[in-house]
Amino acid sequence: MKKTTFVTAISFAFLMLGCAQKTVDTVDVNDGVIEGEVIDNGVIGVIDDGTIYGDDYTGSTYNRSGEYENVDLYGRNNNINGGGGYTYNRDYGDSSSSANGGIRNIYFNVNQYTITSDKLSVINSNARALNSAVRSGSRVKIEGHCDASGTDEYNYALGLRRAKSAKDAIVSRGVNPATITMVSMGESSPECTTGYSSDCYAKNRRVEFKVIR
Amino acid sequence: MRFILFFLLTFNLFAVDAVLTIEKDVDSKTSLSLIEDINTAGSSDKHQKMFSLIINDIKMSGHFNVDATARRGSFEDVMIAPELHDREYILKYSYSRSATKLDVKLIRVGDNSIVFQKGYGVNSSQRYPFLAHNAVVDINRALGYEDISWMKRHIIFSKYTSSRKSEIWVADYTLLFSSVIIRGGLNLFPKWANGSQSAFYYTSYNTLVPTLYRVGMGTGSRKKITSSEGMIVCSDVSADGSKLLLTMAPNAQTDIYEYSVSSGKKERLTTFGGIDVNGKYLGDESRIAFVSNRLGRANIYTKSIGSSSISKAAHYGNDNSSCDAFDQYILYSVKEGGSTNIYLGSAYSSYVRPLTSNGVNHLPRFSNDGKVVLYIKKNGGKNTIGYMNLATKENALYPMISGKIQSIDW
């Protein structure tokens with residue numbers, strides 16, 4: 001009797017092991033897997049020598065039949081960087097001065113392009129200075145800027161709306177709108193480059209007024 | 214007693230698998246080992262990199278369990294070493310001393326047959342990554358797996374190098390090959406002009422007014438397309454290359470326009486008085502997804518071209534400033550708390566799924582077949598390009614040495 005019970009218990013134990021519940025682990029998509037050696041080699045002006053077969057070693061003891069498929073995307077004589085044919089080095093913008101007659105930047109809140117009431121005194125004094133510059137034949141360029149959070153296409157649009165708000169504000173104070181150009185620099189030209197804190201970002205959400213002679 | 218015995222013996226007949234999920238785990242992937250041709254191994258400074266790269270590409274395909282041991286042997290010899298008899302396939306490769314040619318031979322161990330063999334060449338040794346990418350794409354296809362041609366395409370990106378200066382670069386997906394193609398001033402928002410990547414559009418800020426140009430990769434020729442005060446961006450190109458979705462801003466009013474490449478005609482698609490940007494074609498290209506702040510903060514919307522009705526497309530997050538679309542699916546970045554994460558959603562249902570969980574991740578992009586997601590991970594001043602294979606869940610990160618990515622396409 002005891003022997004039978006013992007054998008049954010052992011069989012039962014084996015059955016339980018054999019029928020263990022399957023668990024399926026789902027694979028989390030996680031970051032942090034860095035594979036291989038990465039080089040951003042900053043190669044400038046890669047010259048294509050136009051040949052497919054390089055100086056392969058001689059005395060080959062094996063036979064390779066068949067053509068090599070050229071897997072350069074643009075064919076044998078691709079012109080990427082050939083002769084630097086399409087690099088352009090003109091600097092953007094006209095000669096301008098930002099240290100002109102006390103004209104100051106206007107700063108904005110996160111995601112906003114409304115000029116807050118505490119900035120109106122700056123608008124007033126800027127408008128006076130810009131009016132006098134315009135009367136002496138200058139033009140005005142308003143640049144809108146953003147902090148680095150968010151994506152650049154949206155940021156360029158946000159910067160432009162900030163420039164528009166500033167334009168509307170000085171036009172309502174008498175500056176001739178036909179003398180004003182607006183442009184957005186997005187996050188390309190931060191005033192604060194020393195970090196990523198909210199204070200640093202706050203300095204980059206701005207509009208600059210430039211007098212162009 | 215007999216009843217008790219009977220009960221114990223039959224107990225497990227009532228156990229039921231409530232959920233049966235089939236996952237492609239490590240054990241079911243095809244096992245593969247590499248052998249480098251002993252006659253050419255180590256004969257150029259790129260040999261070690263080529264080995265690492267082939268391993269990397271095979272892993273990224275998601276279909277193989279590759280053994281990372283470096284082995285050398287005869288390229289021609291048909292014998293397979295005993296320790297490799299339990300592998301399903303051997304990949305023999307020979308990388309030339311000139312570093313511009315790669316020969317591959319895929320051998321099925323079971324019957325010692327050559328399943329695939331081919332030779333690849335590049336014009337310049339700088340382009341060696343494309344040897345490996347093309348070989349792995351073809352090997353994958355030869356074994357009947359889902360196409361992974363995304364791996365051999367170029368990525369194009371603009372990166373800020375200093376204040377008011379940005380350059381446009383092309384690279385392979387790992388950045389092991391990278392080359393600047395436009396520099397000087399501010400050059401932004403590059404976008405491939407067609408599926409064959411033979412030309413691209415970009416925005417130049419180096420003229421009085423922001424201008425959109427098209428550049429031919431083979432000839433290097435540059436052609437002005439159009440310009441707009443304030444800003445101009447080519448955010449999408451139709452599948453046949455005949456139409457562009459542009460963001461333009463006459464009088465600082467940013468809206469999305471559809472532009473016909475052949476006629477130059479533009480049709481304004483959005484009329485909201487705030488910000489509408491980042492238009493992307495959906496499905497048969499009769500609808501677009503785009504970013505707008507029409508409800509106060511940046512979010513993702515869809516509309517039919519020719520209709521004024523707009524639907525909200527992102528069902529998660531309320532600060533979503535960039536999007537991409539493929540067929541009915543959208544990718545968007547959500548700023549939430551201290552992090553920004555990428556979400557995958559549907560333009561036509563409430564389906565949504567997070568693809569990242571921490572850090573600052575933005576600029577999500579579908580591959581041209583919609584199977585792989587590229588994104589940019591920002592860590593302080595450092596940028597990393599990340600990839601996630603939606604089907605196989607393989608993922609990888611490739612850090613940039615310098616520069617901050619402004620915009621990217623692939």
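Just so you know, the protein sequences line up as chains W and B, in that order. So for the first sequence, my numbering puts the first residue at 1; every next one is plus one. So for the second sequence, my numbering puts the first residue at 214; every next one is plus one. A virtual CB, placed ideally from N, CA and C, is assigned to each residue, including glycine.
Amino acids of chain W, ordered along the chain, whose beta-carbon sits closer than 9 Å to that of residue i
| i | result |
| --- | --- |
| I488 of chain B | Y113, Y154, A157, L158, L160, R161 |
| L344 of chain B | V71 |
| G593 of chain B | G195, Y196 |
Beta-carbon neighbours of residue i, restricted to chain B and to distances below 8 Å
| i | result |
| --- | --- |
| E69 of chain W | K331, G332, Y333, G334, N347 |
| S138 of chain W | Neighbours of S138 of chain W on chain B: none; closest Cβ ~16 Å, over 8 Å. |
Contact set between residue i and chain W, taken where Cβ atoms lie within less than 8 Å
| i | result |
| --- | --- |
| H575 of chain B | G150, T151 |
| N491 of chain B | T151, E153, Y154 |
Cβ of residue i within 8 Å of any chain B Cβ
| i | result |
| --- | --- |
| V171 of chain W | no |
| N89 of chain W | Interpretation of N89 of chain W is limited by its pLDDT of 31, a score under 50 that renders its predicted location unreliable; the figure taken from the coordinates is listed afterwards. Chain B contact via Cβ: present. |
| K119 of chain W | no |
| V196 of chain W | According to the sequence as given, residue 196 of chain W is Tyr; it is not Val. For Y196 of chain W, the answer is yes, since a Cβ of chain B falls inside 8 Å of its Cβ. |
| G50 of chain W | Only weak support exists for where G50 of chain W lies, its pLDDT of 22 falling under 50; the coordinates are left without a value. |
| K203 of chain W | no |
| R213 of chain W | no |
| K210 of chain W | no |
| D31 of chain W | With a pLDDT of 31 at D31 of chain W, under the threshold of 50, the predicted position of this residue should be treated as unreliable, though the coordinate-derived value follows. Output row for D31 of chain W: interface = yes. |
| K141 of chain W | no |
| F108 of chain W | no |
Minimum Cβ-Cβ distance from residue i to chain W less than 8 Å
| i | result |
| --- | --- |
| V446 of chain B | yes |
| R285 of chain B | no |
| Q619 of chain B | yes |
| Y373 of chain B | yes |
| G443 of chain B | yes |
| S534 of chain B | yes |
| R340 of chain B | yes |
| S376 of chain B | yes |
| S379 of chain B | yes |
Among the options, nearest to residue i - alpha-carbon criterion
| i | options | result |
| --- | --- | --- |
| H367 of chain B | B:L247, B:S244, B:L356, B:Q410 | B:Q410 |
| G398 of chain B | B:T374, B:T253, B:S522 | B:T374 |
| P577 of chain B | B:T569, B:L587, B:G583, B:L568 | B:L587 |
| V140 of chain W | W:T5, W:V207, W:T4 | W:V207 |
| G486 of chain B | W:I142, W:S165, W:T151 | W:S165 |
| Y358 of chain B | B:G275, B:D299, B:N400 | B:G275 |
| V393 of chain B | B:K516, B:M430, B:V446 | B:M430 |
| C146 of chain W | B:R310, B:S338, B:S376, B:L544 | B:S376 |
| I142 of chain W | W:V211, W:Y68, W:F6 | W:V211 |
| Y196 of chain W | B:Q619, B:A609, B:N592 | B:N592 |
| N574 of chain B | B:W382, B:N581, B:N491, B:I598 | B:I598 |
| N252 of chain B | B:D290, B:T605, B:L544 | B:D290 |
| G594 of chain B | W:V134, W:Y156, W:C192, W:R135 | W:C192 |
| N325 of chain B | B:L297, B:A465, B:G443, B:N596 | B:L297 |
| Y564 of chain B | B:F579, B:K584, B:I543, B:V547 | B:I543 |
| L401 of chain B | B:K331, B:T483, B:A465, B:I445 | B:I445 |
| L425 of chain B | B:T432, B:K437, B:V349 | B:K437 |
| R500 of chain B | B:S517, B:A511, B:V490, B:G509 | B:S517 |
| S257 of chain B | B:L247, B:R507, B:L315 | B:L315 |
Contact with chain A by residue i, beta-carbon distance below 8 Å
| i | result |
| --- | --- |
| S188 of chain W | Absent from the structure is chain A; the protein chains it does hold are W and B. |
In the segment 498 to 520 of chain B, which residues sit with their C-beta less than 7 Å from some C-beta in chain W, listed in chain order? V504, R510, A511
When Cβ atoms are compared, which residues of the segment 389 to 402 of chain B fall closer than 9 Å to chain W? L389, F390, S391, S392, V393, I394, I395, R396, G397, G398, L399, N400, L401, F402
Residues of the segment 174 to 185 of chain W whose Cβ lies closer than 9 Å to any Cβ of chain B, in chain order: T181, M182, V183, S184, M185
Would you list, in chain order, the members of the segment 452 to 467 of chain B that have their beta-carbon closer than 9 Å to a beta-carbon of chain W? T460, A462, N464, A465, Q466, T467
Spell out a yes or no on whether the segment 537 to 553 of chain B and the segment 564 to 575 of chain B are touching, meaning 3 or more CB-CB pairs, one atom from each, closer than 8 Å. yes
Do the segment 406 to 426 of chain B and the segment 607 to 616 of chain B meet, that is, are 3 or more Cβ pairs less than 8 Å apart? no
Would the segment 105 to 121 of chain W count as touching the segment 410 to 427 of chain B if we require 3 or more Cβ pairs under 8 Å? no
Check each residue of the segment 298 to 316 of chain B: if its Cβ is closer than 9 Å to any Cβ of chain W, include it; give the result in chain order. S307, S309, R310, S311, A312, T313, K314, L315, D316
Validate contact between the segment 484 to 504 of chain B and the segment 537 to 546 of chain B using beta carbons, cut 8 Å, 3 pairs: yes
Residues within the segment 544 to 571 of chain B neighbouring chain W, beta-carbon criterion of under 9 Å: S546, K548, T553, P567, L568, T569, S570, N571
Would you check if there are 3 or more beta carbon pairs closer than 8 Å linking the segment 126 to 135 of chain W to the segment 159 to 179 of chain W? yes
Answer yes if the segment 332 to 346 of chain B comes into contact with the segment 278 to 295 of chain B, meaning at least three C-beta pairs across the two stretches below 8 Å, and no otherwise. no
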